[in-house]
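Peer 1:
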Amino acid sequence: MAEELVALNPGTRLADTWTITRKLGAGMFGAVYLCRNDQALEAAMKTEPVDTKHPLLLMEATVLRSLDTIRDGDGKHFCHCLDLGSGATKDPATGLPKDSVYRVILHLATPRNTMAEELVALNPGTRLADTWTITRKLGAGMFGAVYLCRNDQALEAAMKTEPVDTKHPLLLMEATVLRSLDTIRDGDGKHFCHCLDLGSGATKDPATGLPKEFRFIVMSLVGRGIDDLVREAGGHFSPGTAIGVSIQLLNALRGMHDKGFLHRDIKPPNATIGRPESNELRLIYLIDFGMARKYQKDDGSHRRPREATKFRGSAKYASISAHMRREYSRKDDIESWFYVLVELFKGALPWAKIGQMKLRRLDERQEVRQQAIMELLEGCPTEFAAMLKHIDDLTFEERPDYETLLVILRYSLAYNRFQEHPYDWEVGRRFGDRQVQSAGANVQRDRGEIAFVFGNFPRNFPGNDGDNALRKTWREKGIAI
44 MAEELVALNP GTRLADTWTI TRKLGAGMFG AVYLCRNDQA LEAAMKTEPV
94 DTKHPLLLME ATVLRSLDTI RDGDGKHFCH CLDLGSGATK DPATGLPKDS
144 VYRVILHLAT PRNTMAEELV ALNPGTRLAD TWTITRKLGA GMFGAVYLCR
194 NDQALEAAMK TEPVDTKHPL LLMEATVLRS LDTIRDGDGK HFCHCLDLGS
244 GATKDPATGL PKEFRFIVMS LVGRGIDDLV REAGGHFSPG TAIGVSIQLL
294 NALRGMHDKG FLHRDIKPPN ATIGRPESNE LRLIYLIDFG MARKYQKDDG
344 SHRRPREATK FRGSAKYASI SAHMRREYSR KDDIESWFYV LVELFKGALP
394 WAKIGQMKLR RLDERQEVRQ QAIMELLEGC PTEFAAMLKH IDDLTFEERP
444 DYETLLVILR YSLAYNRFQE HPYDWEVGRR FGDRQVQSAG ANVQRDRGEI
494 AFVFGNFPRN FPGNDGDNAL RKTWREKGIA I
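To get the working numbering, take the position in the sequence shown, counting from 1, and add 43.
#1: Tell whether a beta-carbon distance below 7 Å holds between V265 and T315.
#2: Of the residues D59, A58, P319, which one's Cα is nearest the Cα of E469?
#3: In angstroms with no decimal places, state the Cα-to-Cα distance between T352 and Q196.
#4: Determine the extent of the alpha helix (DSSP H) in which R369 is found, giving its start and end residues.
#5: For N52, is the classification buried or exposed, using 16 other Cβ atoms within 10 angstroms of its Cβ as the cut-off for buried?
#6: Leaving aside the five residues before and after L437 along the sequence, list all residues of the same chain whose C-beta is less than 7 Å from its C-beta, in chain order.
#7: How is Q196 classed by DSSP in three states: helix, strand or coil?
#8: From D111 to C124, what does the alpha carbon distance come to, in whole angstroms?
#9: Between which two residues does the beta strand (DSSP E) holding T169 run?
#10: How many Å lie between E323 and E463 at the Cα?
#11: For the stretch 193–212 against the stretch 86–99, are there 3 or more C-beta pairs whose distance is under 8 Å?
#12: Can you tell me the Cβ-Cβ gap for S344 and A361, rounded? I've got them flagged as a contact below 8 Å.
#13: Around the Cβ of G283, are there at least 16 other Cβ atoms within 10 angstroms (buried) or fewer (exposed)?
#14: If you count every other CB in all the chains shown that lies within 10 Å of the CB of A415, and 16 or more means buried, which is it?
#15: Can you grab the Cα-Cα spacing for the pair P167 / N194, in whole Å?
#16: Between the alpha carbons of K302 and G356, how many angstroms are there, rounded?
#17: Note down, in chain order, each residue of its chain lying with its Cβ closer than 8 Å to the Cβ of T178, except the 5 sequence neighbours on either side.
#18: Taking all protein chains shown into account, decide if G54 is buried (16 or more other Cβ within 10 angstroms of its Cβ) or exposed.
#19: For R307 and M367, what's the separation of their Cα atoms in angstroms?
#20: Under 8 Å, with one C-beta from each stretch per pair, do the stretch 244–255 and the stretch 288–305 reach the 3-pair mark?
#21: Hey, T132 and V75 are a contact pair by Cβ (cut 8 Å); roughly how many whole angstroms apart?
#22: Label L420 either buried or exposed according to how many other C-beta atoms from any shown protein chain fall within 10 Å of its C-beta, with 16 as the threshold for buried.
#23: Go ahead and pull the three-state DSSP assignment for H345.
#24: Decide if the stretch 252–259 is in contact with the stretch 206–226; the criterion is three or more beta carbon pairs, one per stretch, under 8 Å apart.
#25: From G278 to G317, what does the alpha carbon distance come to, in whole angstroms?
#26: So, at 6 Å on beta carbons, what are the nonlocal neighbours of F121 in its own chain, with the 5 sequence-adjacent residues on each side left out?
#27: Less than 7 Å between the beta carbons of L452 and A285, yes or no?
#28: Going by other Cβ atoms of all chains shown within 10 Å of its Cβ, with 16 needed for buried, is H234 buried or exposed?
#29: Distance check for V273 and R56, CA to CA, integer angstroms please.
#30: Name the residue from G182, M430, R336 whose alpha carbon lies nearest to the alpha carbon of S289.
#31: Under 7 Å, do A78 and A86 count as touching if we go by C-beta distance?
#32: Can the beta-carbon of F354 be found less than 7 Å from the beta-carbon of I434?
#33: Using the Cβ count rule (16 or more neighbours within 10 Å means buried), how would you classify N503?
#34: Nearest CA to the CA of V93: which residue from R170, K66, R460, G130?
#35: With 16 other CB atoms within 10 Å as the buried threshold, where does K310 fall?
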C-alpha cells in the first residue's frame with residue numbers, strides 16, 4: 044500500500060534541487076528514495092501523502108533540526124535534515140495528481156563529521172594567502188576541518204575552515220572574539236590563543252570538481268583537551284586538579300565577560316592545556332568561540348533580552364534558563380562552568396543520562412529542583428553549595444562575583460588540604476573508581492549540611508573576612524569553611 048501512495052520514478056525532480064535515482068525501500072506510508080542534488084551530493088528522501096492520517100515527517104524534521112545544534116560528541120550520532128518540502132505525483136490507482144510531503148536527509152551511513160571533512164578538503168602543501176602552507180589535518184569540526192599549517196618563518200599554527208555558504212557561520216565571530224580578548228592586559232588574557240590571520244580561499248569540491256570557496260582562521264596552537272585528559276584519568280580528576288582547572292577557567296570567563304562577550308558553550312572539550320614545547324602544561328586555555336555573543340552595547344550597557352531564543356550550547360552542561368530557551372547572560376556561562384567543576388571533581392552529573400534531563404527543565408517545581416541540587420552536590424565540599432547559591436541568586440544583568448568565587452575555591456583547596464600541583468596529567472595520575480579522593484579532610488558531607496548552606500548563603504559573601512557572620516553561623520552549626 045505504501046509503495047502505491049507515493050511513487051516517484053527515477054529522474055523525477057523536486058524543488059528544482061533533488062533528482063530521484065532509485066528506490067531504497069518503503070515504510071508504512073511512503074517510499075524511501077536515493078536522490079542527488081546538483082552538486083552530486085547523494086541523500087535519502089522519505090515521503091508521505093499530505094492527507095495521511097498519521098503524519099510523521101514534520102516531527103522527524105523538527106527533531107533532526109534540533110539535534111543538528113548539538114556541538115559536542117553526542118551530535119555525531121544523528122544524520123542531517125537537508126530539506127523539507129512538498130510535491131505532487133500521479134496516483135497510480137486513479138491517474139489524478141496526489142500531493143505528498145518529502146524530507147531529504149543525509150544518507151544514514153554517513154556520519155555528521157564526514158560531511159564537514161568533505162566540505163573543505165585541503166591537501167598537504169596547499170598554500171593560502173601566500174603565507175600559510177598546510178602540513179596535515181588535525182581533526183574535523185561540524186562544518187569544516189582543522190589543519191596544522193606553517194608560515195615562511197616556520198611558525199606552526201592551527202587553521203580552522205568553513206564553507207563561505209554555510210548556514211551556520213562561526214569563524215567571523217571567533218575571530219572577532221579572539222581579537223578583542225587579545226587586548227586583555229592582565230593575567231586573564233593568558234587563557235586565550237591568538238588570532239594570527241583571517242581570510243578566504245577556494246578548493247576543488249571532491250564531489251563535483253568545481254571550485255568551492257571557504258573561510259579560514261589561523262590561531263596559535265594549544266595542547267590536549269580537558270575532556271581527553273579526564274577520560275585518561277579514569278573519569279574524574281583528583282580534587283586539587285579539578286579545582287585548579289576550574290579556577291583558571293573562571294579567570295578566563297571573567298576576562299571574556301569583562302570584554303563584553305558570552306561564550307555560550309562551556310564544556311570540557313572547549314578547554315585545553317598548553318603545549319609541552321611551550322612549557323604550558325599547567326596553563327588552561329578556553330577555546331571555541333563560534334557560538335559567542337556580545338551582550339554589551341557600545342556604551343557598555345547590557346543588551347535587553349530577546350523574548351525567545353534558539354538553544355545554544357551542549358545539553359549536558361547548559362543552564363536551566365538555556366533549556367527554557369531564554370536569553371543567555373553571564374549567569375548562564377557561570378552555571379555551565381559550575382557543572383563542569385562538579386563533573387571534573389566527582390566524575391558524573393546526576394542528569395548525565397538523557398532520560399534524566401527533564402529534572403533540570405522543571406525548575407518551577409521547587410521540590411524537584413531541590414532534590415536535583417542535593418544529588419548534584421552530594422560528595423562535594425560544602426563550599427560548592429555556597430557557590431551555587433550565589434550563581435542561582437544572580438539576576439540577568441548582574442555581574443557574577445568572580446573574585447568571591449575564586450576566594451571560595453582557594454579556600455576549599457587550603458581547608459581540605461587538596462594538593463593542586465602537580466596536575467594529574469603531569470604525573471600520570473589515574474582513578475579507577477568514582478569515589479572522591481581527598482588528600483586531607485573528608486568532604487563527603489551529608490545532605491542536611493548542604494541544604495543548610497544552600498538555604499543560608501547570603502548574596503554578598505565577604506570571602507576574605509575570616510570572621511564574618513556567615514562563618515560564625517556555620518561554626519555554630521558545626522560547619523567548617
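Yeah, the Cβ is synthetic: ideal placement off N, Cα and C, and Gly gets one too. Keep in mind the model is a prediction, meaning the values are calculated, not measured.
Peer 2: In short, the structure shows the following:
#1: For this step, residue 265 is matched to residue 222 along the sequence shown. For this step, residue 315 is matched to residue 272 along the sequence shown. Contact: yes.
#2: Numbered from 1 along the sequence shown, position 426 holds the residue referred to as residue 469. Residue P319 is the option with its Cα nearest to E469.
#3: What you label residue 352 is simply residue 309 of the sequence shown in a count that begins at 1. What you label residue 196 is simply residue 153 of the sequence shown in a count that begins at 1. Going from the Cα of T352 to the Cα of Q196 covers about 45 Å.
#4: Along the sequence shown, one-based indexing puts residue 369 at 326. Note, R369: premise wrong, no alpha helix (DSSP H); not H, not E.
#5: What you label residue 52 is simply residue 9 of the sequence shown in a count that begins at 1. It counts as exposed.
#6: On the sequence shown, position 394 is the one that residue 437 refers to. Excluding residues within five positions, the ones whose Cβ falls inside 7 Å are K374, P443.
#7: On the sequence shown, position 153 is the one that residue 196 refers to. Of the three classes helix, strand and coil, the one that applies to Q196 here is coil, per DSSP.
#8: The residue you call residue 111 lines up with position 68 of the sequence shown. The residue you call residue 124 lines up with position 81 of the sequence shown. Taking the straight line from one Cα to the other gives about 8 Å.
#9: Here residue 169 is taken as the residue at index 126 of the sequence shown, counted from 1. Premise fails: T169 is in no beta strand (DSSP E) and is neither H nor E.
#10: As a position in the sequence shown, residue 323 is number 280, starting the count at 1. As a position in the sequence shown, residue 463 is number 420, starting the count at 1. Cα to Cα, E323 sits roughly 16 Å from E463.
#11: no
#12: On the sequence shown, position 301 is the one that residue 344 refers to. On the sequence shown, position 318 is the one that residue 361 refers to. Contact flag wrong, Cβ pair sits at about 26 Å.
#13: Your numbering for residue 283 matches position 240 in the sequence shown. Under this definition G283 is a buried residue.
#14: The residue labelled residue 415 in the question sits at position 372 within the sequence shown. By the neighbour-count rule (16 or more Cβ atoms within 10 Å), A415 is buried.
#15: Here residue 167 is taken as the residue at index 124 of the sequence shown, counted from 1. Here residue 194 is taken as the residue at index 151 of the sequence shown, counted from 1. In a straight line, the C-alpha of P167 is about 13 Å away from that of N194.
#16: Taking the first residue of the sequence shown as position 1, residue 302 is located at position 259. Taking the first residue of the sequence shown as position 1, residue 356 is located at position 313. Cα-Cα distance, rounded: 20 Å.
#17: Here residue 178 is taken as the residue at index 135 of the sequence shown, counted from 1. Excluding positions up to five away in sequence, the list reads P167, Y190, L191, C192, R193, E199.
#18: The residue given as residue 54 occupies position 11 in the sequence shown. Label assigned to G54: exposed.
#19: Within the sequence shown, numbered from 1, the residue matching residue 307 stands at position 264. Within the sequence shown, numbered from 1, the residue matching residue 367 stands at position 324. Each residue's alpha carbon lies about 14 Å from the other.
#20: no
#21: Locating residue 132 in the sequence shown gives position 89, counting from the first residue. Locating residue 75 in the sequence shown gives position 32, counting from the first residue. That pair is no contact at about 15 Å.
#22: Counting from 1 along the sequence shown, the entry for residue 420 is found at position 377. Burial call: buried.
#23: Within the sequence shown, numbered from 1, the residue matching residue 345 stands at position 302. Looking at H345 - three-state DSSP - the assignment turns out to be strand.
#24: yes
#25: Taking the sequence shown and counting its residues from 1, one reaches residue 278 at position 235. Taking the sequence shown and counting its residues from 1, one reaches residue 317 at position 274. Going from the Cα of G278 to the Cα of G317 covers about 21 Å.
#26: Taking the sequence shown and counting its residues from 1, one reaches residue 121 at position 78. Correct list, in chain order: L110.
#27: For the purposes of this step, residue 452 is taken as residue 409 along the sequence shown, with counting starting at 1. For the purposes of this step, residue 285 is taken as residue 242 along the sequence shown, with counting starting at 1. Taking 7 Å as the Cβ cut-off, L452 and A285 do not qualify as a contacting pair.
#28: Counting from one through the sequence shown, the residue named residue 234 turns up at place 191. Buried, because 16 or more other Cβ atoms sit within 10 Å of the Cβ of H234.
#29: Here residue 56 corresponds to residue number 13 of the sequence shown, with the count starting at 1. Here residue 273 corresponds to residue number 230 of the sequence shown, with the count starting at 1. Going by the C-alpha atoms only, they are around 50 Å apart.
#30: Taking the first residue of the sequence shown as position 1, residue 289 is located at position 246. Closest by alpha carbon: M430.
#31: Counted from its first residue, the sequence shown places residue 78 at position 35. Counted from its first residue, the sequence shown places residue 86 at position 43. What sits at residue 78 in the sequence shown is Cys, not Ala. Cβ atoms of C78 and A86: closer than 7 Å.
#32: As a first step, residue 354 is located in the sequence shown; it is residue number 311 there, counting from the start. As a first step, residue 434 is located in the sequence shown; it is residue number 391 there, counting from the start. Not a contact, by the Cβ cut-off of 7 Å.
#33: Taking the first residue of the sequence shown as 1, we reach residue 503 at position 460. Residue placement at N503 is poorly supported in this model, since its pLDDT is 42, which falls under 50; the coordinates still yield a value, given next. With fewer than 16 Cβ atoms within 10 Å of its Cβ, N503 is classed as exposed.
#34: Translated into the one-based positions of the sequence shown, residue 93 becomes position 50. The residue with the shortest Cα to Cα distance from V93 is G130.
#35: Along the sequence shown, read from residue 1 onward, the residue named residue 310 stands at position 267. Result: buried.
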